[in-house]
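Structure first, commentary second.
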Amino acid sequence: MESTLHSSTPGNGSDAANAIKGAYREAKGAARRSAAEMRSDLSNIKHDLDALIDRAPSMSDDELTKAHAQMMQQFSSVRSTAKGLANEASRQFNRGMETTTEYVKGRPMQSVAVAVGTGLLLGFLLHRH
């Protein structure tokens, strides 16, 4: 019996499977880009903070106040980026859940069969250990 999940016949679930795969790839790419941006921002902050610590003893109160304000602005920027990353992850997760729910509603018997098969396989594997 051939799985319809991999078949390309219209209306058999391949559209849902492709949508799930596409959403996963999109989320993975966005997460990698955002993580790289965060690493870069954090590296810049660390560099700036190290430089500030080295210069702090010779700085005036006004210079320290300005440096503090600049560091707080950088922290705020990183916090904003982190919030954006969390929001995007949540959006992608919800999109994946919606796609999966639509697939299960469209093919309830196939979904139950896959769930039962997965449960039996896991039960067999766990019982052996």
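Mapping to the UniProt record's numbering: the sequence shown position 66 is 66, numbers consecutive.
Ideal placement from N, C-alpha and C gives every residue a C-beta, glycine not left out.
A Cβ-Cβ contact shorter than 8 Å links residue 67 with residue 52.
Residue burial is scored here from C-beta neighbours: residue 118 has fewer than 16 other C-beta atoms within 10 angstroms and is therefore classed as exposed. Distance from the CA atom of residue 42 to the CA atom of residue 65, rounded to whole angstroms, is 21 Å. A direct Cα-to-Cα measurement between residue 20 and residue 81 gives close to 26 Å. In this structure, residue 88 sits near residue 34, with a CB-CB distance shorter than 8 Å. The continuous alpha helix (DSSP H) containing residue 108 extends over residues 108-128. Residue 74 is positioned such that its CB atom lies closer than 8 Å to that of residue 45.
Taken through DSSP and simplified to helix, strand or coil, residue 43 comes out as helix.
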